[in-house]
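Some notes on the structure that comes next.
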Amino acid sequence: METLRGYASVKDIYGKNTVAKYECIGHIQKRVGTKPRKLKSKRKDLGGRGKLTDAFIDKLQNYYGIAIRDNVNNLQGMQRAVIAAFFHCCSNARQQMHGQCPVGPDSWCKYQQAVSKDKIYIDKSKGLPPNLINIIKPTYMKLCDQNLLEKCLPGKHKTLMNVSMESFGNLFQKMFLFH
């Protein structure tokens with residue numbers, strides 16, 4: 024909360040040139056795991072075999088992070104990719120949901136790779152039943168919001184953000200404190 028107040032106090036300090044607050048990709052990716060886990064702990068009917076498992080949440084979290092990292096500086100591509108990741112992970116042999124996945128032989132989606140080569144793909148993943156998809160979809164889609172994804176556009180992660188701040192601090196000291 025303190026960070027948010029600090030950001031709000033300097034946001035418009037330069038007039039038209041506003042200060043942009045970027046998010047660490049890892050922290051946003053972590054939310055993809057945290058939110059479904061909290062939902063699962065609140066609603067006991069979501070967990071268990073053939074339902075919302077930790078393995079499924081981990082898979083979804085990984086695909087989300089990959090989608091962001093593969094689309095740095097491309098907001099529409101990033102949003103498309105994180106939505107595709109959701110449906111791809113929810114897909115199973117009975118319920119193919121690869122319509123959002125990139126097509127062609129170079130696609131990360133094995134189903135789309137098989138389609139491009141006129142082969143049959145046998146999906147062995149368990150996915151999620153439709154009723155569970157409908158329950159977790161609103162929670163996940165909040166993490167696909169353009170305002171949130173814009174904060175990930177530069178592709179920053181905490182280590183780089185800290186290095187940038189340290190570099191700024193060093194530059195500040197050289198310019199103002201030692202001259």
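Residue numbers (this note's numbering): 24 to 202.
Heads up, the beta-carbon is just placed ideally off N, CA and C, and yes, glycines get one too.
Between M184 and I48, what straight-line distance do the alpha-carbon atoms span, to the nearest angstrom? Indexing the sequence shown from 1 puts residue 184 at position 161. Indexing the sequence shown from 1 puts residue 48 at position 25. Residue confidence for M184 is low, a pLDDT of 45 falling below 50, so the modelled location carries little weight; the figure read from the coordinates is stated next. Answer to the nearest angstrom: the Cα atoms are 11 Å apart.
Other residues of its chain near A107: CB distance less than 6 Å, five sequence neighbours each side excluded: Residue 107 sits at position 84 when you count from the first residue of the sequence shown. These residues qualify, in order along the chain: Q123 and C124.
Local Cβ density within 10 Å of A104, reported as buried at 16 or more and exposed below that: Within the sequence shown, the letter at position 81 stands for residue 104. It is buried - the Cβ of A104 has at least 16 other Cβ atoms within 10 Å.
Counting Cβ pairs closer than 8 Å, one from the stretch 62-76 and one from the stretch 90-103, do we hit at least three? The stretch 90-103 and the stretch 62-76 do not touch, with fewer than three beta-carbon pairs separated by less than 8 Å.
Spatial distance of K65 from D141 (CA atoms): On the sequence shown, position 42 is the one that residue 65 refers to. On the sequence shown, position 118 is the one that residue 141 refers to. One C-alpha to the other measures close to 44 Å.
Between the alpha carbons of K147 and Q136, how many angstroms are there, rounded? Along the sequence shown, read from residue 1 onward, the residue named residue 147 stands at position 124. Along the sequence shown, read from residue 1 onward, the residue named residue 136 stands at position 113. Distance between the alpha carbons of K147 and Q136: 15 Å.
For R66, does the three-state DSSP call read helix, strand or coil? Start at 1 with the first residue of the sequence shown, and residue 66 comes out as number 43. Coil, per DSSP.
With 16 other CB atoms within 10 Å as the buried threshold, where does H111 fall? The residue labelled residue 111 in the question sits at position 88 within the sequence shown. So H111 ends up on the buried side.
Tell me the DSSP secondary structure of H111 in three-state form. The residue labelled residue 111 in the question sits at position 88 within the sequence shown. Reduced to three states, the DSSP call for H111 is helix.
Taking the alpha helix (DSSP H) that V126 belongs to, which residues open and close that run? Indexing the sequence shown from 1 puts residue 126 at position 103. For V126, no alpha helix (DSSP H) segment is defined, and its DSSP state is neither H nor E.
Would you tell me roughly how many angstroms separate the C-alpha atoms of V126 and R28, rounded to the nearest one? Taking the sequence shown and counting its residues from 1, the one referred to as residue 126 is at position 103. Taking the sequence shown and counting its residues from 1, the one referred to as residue 28 is at position 5. V126 and R28 have their C-alpha atoms spaced approximately 44 Å apart.
Cutoff 6 Å; reference S139; Cβ partners in own chain excluding five residues on either side: The sequence position of residue 139 within the sequence shown is 116, counting from 1. Excluding the 5 residues flanking it on each side, S139 has same chain C-beta neighbours closer than 6 Å at G127 and P128, in chain order.
If you count every other CB in all the chains shown that lies within 10 Å of the CB of N94, and 16 or more means buried, which is it? Counting from one through the sequence shown, the residue named residue 94 turns up at place 71. By the 16-neighbour rule on beta-carbons within 10 angstroms, N94 is buried.
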